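Presented below is the structure to which this report refers.
In our numbering, the protein residues as written are 86 to 1098.
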């Protein structure tokens, strides 16, 4: 029985695609265009079907050339994507209107080559999704509990594949990338950047690529899904095509993994269902302009929310509320919805007009920029006249050929008195859609804004967006705007990594007492305006914040993080700003509303943009501005000098909850708030109200849809986490004695070592959090230097296990110095009684040992085919040597070195043979691979196989660099080679040797020629 990644996850996942109606494409009978990896045997008939015409091979070649030229652009695949979704004058590549008119297929292990004539520099996704022959997506799978978890795949994607310039064009072609290790998502995991389990998706976005969870909103969708039945013969065929004995399909382990409801298979159904996948392709990708252009994909809450909007409209509804927590992408949701709703009404012959309503000038500016960056044409309506003009248009007249749609951004606070009413003339085919931003504010049901807004077009669709709906008896949001369309809460947002928990640091323990002592005031006097606006108070405040913020940056070793001071009044804000100008090296920016100072509006705008784009100023000083709707990832610390209430409190503190990875590589797990006003009671009241709302509003399955608990943590929560780390660690291993700890590690398996490393890293992070909270009593319970030594020792053991279990791959990716260090530290640990002085670098036995290791590693790095059976056997030999490495004294080193010398000879022989083969086949790796596969698969002498391929190479070498192989197709290629080579094979008495597999050999060569050119 074979029990590996392929039989446990990849092949069952491949079958799941077939259950969804996909076809299986074998590489052995494929016609693949080398430049684009498009499968011509599927591409040509698919294009003919969806375009309702025939294409000559010359036309197909021309289309492939156009695609290859376009995907070479430095635009993240933007031009190619727009060709996919809106071909205009180009040939249609996908029929989005008739799903079943398209060809859906999967192919396993498709190599994307970075270099011609070699497998070196290629990557092979496990399962590639072909739409009309185009590889537009792939799914990488790992076995459950794989080393490093799914995060290891994320790192490989970002640090290796997306950084490789040879792969850029392929990632401009590929629109959807997914990963799964066939495990359920981890719950209650703060370490979102070190996630280990689950299934994830993304779109290639360069170094800014991030990975999203996909949590199925509708459990009934999976349980009621109508899967196609795949017979046993088909399953066995796939198993055999993947290189395994078909009998493997009969094992109970394979049958268990073949179930439709495994975590990976459920993910495939949720995401790659034909209709859903084309929905992602058509509507789920958006290009975002900026200093660094980006490519975004719908987060799963946005995916389900947009579909729920259409469900609401289809059922006759005229809107409702989308309750998505702060930081979950509500502006992006409105942008994604634009094309979806527009197309929905276009099918009905109705023109859609879109309006995005805000209640502040700074939000108008921000929303307009966000929409414009996402490719929408933005019309700003800053007064009644402009709004009236746009309201009464039946068509969008501002869209250009580079725009994906139009939206009017309206600042409702600019309107005095009655708002204009839309003119709905008889038979006017127009539907207005209003997105109401921050719907918890400004829209009192008894106030003029709400009333005027709702009557300006009584037939309009009103979709309210909020992260904190009003829940008071008088002003419940869902009584004003309708029922909830979709909900997405803090708990899921934090678990999904879209937002962070907020760490609250109380001021009252040290600094507050110091301030009161210095000012000689009582507690209640801190609420007096004369006090908190006084020069003495501002001076004490400034000194504390300056010291604290400098320390915050120092502890994180990160000058990029920014802060915000939320003041109690404009005067206090001005005084704090002035104090920093006069007394501090920190640069501050003032952002306040001041109708008496027309210059302040421009200053506000500049400070907002500079803080976001240019990392200056260090700290923003505000009163009410920017406490809602201002989303800047580097804003990580807030000093809260006033106490907002109810939903305003959650809005304010959420300014620091955006995930942030700094230029120096630090990833933040929390946003930080220094609480001067004790927000705890108000926070608890607010959370309690929202929890009651959730309990009263169950989802369709009768289950609670989310929670708001755990949004804010403090030093006591961190201490609970620290104690859990310590207890879990002590349950595994004693950490009292470093030497004993090191010896115990040698008896533990890799999974346990990885758990120890995670727990030690947790302790280390708790130490940093205690320092940031100035909780010195908790800091003293951690021996930080000892923790670092324990971590280093654990990592050294993990490194050796990696080397001894995956030797060739490890030697291929790490340096000579790194491998010497791994082995040196391991040898030191294994020696029980000896003089460590003998371990000096000039020890001749050690020098000989390490020199042989270096030479073996150099040979491995020079090898261009790590899949060669001889390399696999070398890997097994090296693994045995390292696993047997049990040293009690230095005499054993010579014996092991002698074994390694034998391995070195093998490595050199393999490389020599590969170089020899490469030369006789003109450096063409396609022939080398065909030869290496053939001598394993068929019963033939190596020399005879080599000579037969030399004859074939000589007959076709003149056309190898030309496109004639693509144009003639597989059958014509095989027939052509036979006509040229068969007589030569007969003459050299080789024909009878290869006759049993002649056709199969030429088919394999044809596939390899297209895959590796």
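Glycine included, each C-beta is placed from N, C-alpha and C at the ideal position.
Source: prediction; values computed, not measured.
Expressed to the nearest angstrom, what Euclidean distance is found between the alpha-carbon atoms of residue i and residue j?
| i | j | result |
| --- | --- | --- |
| residue 135 | residue 171 | 14 Å |
| residue 280 | residue 239 | 10 Å |
| residue 459 | residue 431 | 22 Å |
| residue 928 | residue 821 | 33 Å |
| residue 352 | residue 260 | 17 Å |
| residue 302 | residue 389 | 7 Å |
| residue 985 | residue 89 | 28 Å |
| residue 663 | residue 800 | 32 Å |
| residue 563 | residue 542 | Its pLDDT being 47, under 50, residue 563 is placed unreliably in this model, and the coordinates cannot settle the point. |
| residue 827 | residue 1023 | 50 Å |
| residue 841 | residue 666 | 48 Å |
| residue 905 | residue 935 | 6 Å |
| residue 1070 | residue 1013 | 19 Å |
| residue 813 | residue 844 | 8 Å |
| residue 452 | residue 426 | 19 Å |
| residue 1000 | residue 1038 | 16 Å |
| residue 552 | residue 297 | 20 Å |
| residue 750 | residue 305 | 41 Å |
| residue 464 | residue 448 | 14 Å |
| residue 652 | residue 294 | 36 Å |
| residue 990 | residue 1015 | 25 Å |
| residue 365 | residue 354 | 14 Å |
If you drop the 5 nearest sequence neighbours on each side, which residues of the same chain put their C-beta closer than 7 Å to that of residue i?
| i | result |
| --- | --- |
| residue 131 | 187, 188, 217, 218 |
| residue 100 | 315, 320, 323, 343 |
| residue 87 | 329, 333 |
| residue 180 | 135, 186, 187 |
| residue 787 | Any reading at residue 787 is ruled out, since the residue's pLDDT is 42, under 50, leaving its predicted position unreliable. |
Taking residue i as part of the beta strand (DSSP E), name the residues at either end of that continuous run.
| i | result |
| --- | --- |
| residue 648 | 647-651 |
| residue 225 | 219-226 |
| residue 192 | 189-193 |
| residue 422 | Run containing residue 422: none in the beta strand (DSSP E); it sits in the alpha helix (DSSP H), 415-431. |
| residue 516 | 515-521 |
| residue 504 | No beta strand (DSSP E) holds residue 504; DSSP gives it neither H nor E. |
| residue 1006 | Here residue 1006 belongs to no beta strand (DSSP E), and DSSP marks it neither H nor E. |
| residue 262 | 261-265 |
In the DSSP assignment, the alpha helix (DSSP H) including residue i goes from what residue to what residue?
| i | result |
| --- | --- |
| residue 861 | 861-864 |
| residue 367 | 359-368 |
| residue 436 | It is not in any alpha helix (DSSP H) - residue 436 instead sits in the beta strand (DSSP E) that spans 436-443. |
| residue 284 | First-last for residue 284: 284-287, but that is the beta strand (DSSP E), not the alpha helix (DSSP H). |
| residue 1039 | 1027-1041 |
| residue 889 | 869-890 |
| residue 1079 | 1076-1079 |
| residue 1021 | 1010-1022 |
| residue 724 | No alpha helix (DSSP H) holds residue 724; the beta strand (DSSP E) holding it covers 720-725. |
| residue 857 | 835-857 |
Going by DSSP, name the residue or residues bridged to residue i.
| i | result |
| --- | --- |
| residue 408 | 551, 572 |
| residue 589 | 758 |
| residue 493 | 440, 464 |
| residue 674 | 705 |
| residue 381 | 371 |
| residue 752 | 746 |
| residue 298 | 285 |
| residue 109 | 191 |
Leaving aside the five residues before and after residue i along the sequence, list all residues of the same chain whose C-beta is less than 6 Å from its C-beta, in chain order.
| i | result |
| --- | --- |
| residue 110 | 190, 192 |
| residue 265 | 226, 284, 349, 352 |
Within its chain, find whatever has a CB closer than 8 Å to the CB of residue i; leave out the 5 residues flanking it on each side and keep chain order.
| i | result |
| --- | --- |
| residue 123 | 117, 149, 152, 218, 219, 220 |
| residue 849 | 869, 872, 873, 876 |
Any contact of the stretch 330-349 with the stretch 247-262, i.e. 3+ C-beta pairs under 8 Å? Taking one beta carbon from each stretch, the stretch 330-349 and the stretch 247-262 have fewer than 3 pairs nearer than 8 Å; the two do not touch.
Per the contact definition of three or more C-beta pairs closer than 8 Å, is the stretch 998-1007 in contact with the stretch 1029-1046? Taking 8 Å as the limit for Cβ pairs, the verdict is that the stretch 998-1007 does touch the stretch 1029-1046.
For the pair the stretch 948-966 and the stretch 988-998, tell me if three or more CB-CB distances fall below 8 Å. Touching, yes, given that three or more Cβ pairs across the two stretches are closer than 8 Å.
Below 8 Å, can you find three or more Cβ-Cβ pairs linking the stretch 648-664 to the stretch 620-629? The way I'd put it, the stretch 648-664 does touch the stretch 620-629; three or more beta-carbon pairs between them come closer than 8 Å.
The stretch 368-380 contacting the stretch 154-166, beta-carbon criterion three pairs below 8 Å: Counting Cβ pairs under 8 Å, three or more are found: they touch.
Quick one: any contact between the stretch 708-724 and the stretch 467-484, if contact means 3 or more CB pairs under 8 Å? Judged by Cβ distances under 8 Å, the stretch 708-724 makes no contact with the stretch 467-484, as fewer than three pairs qualify.
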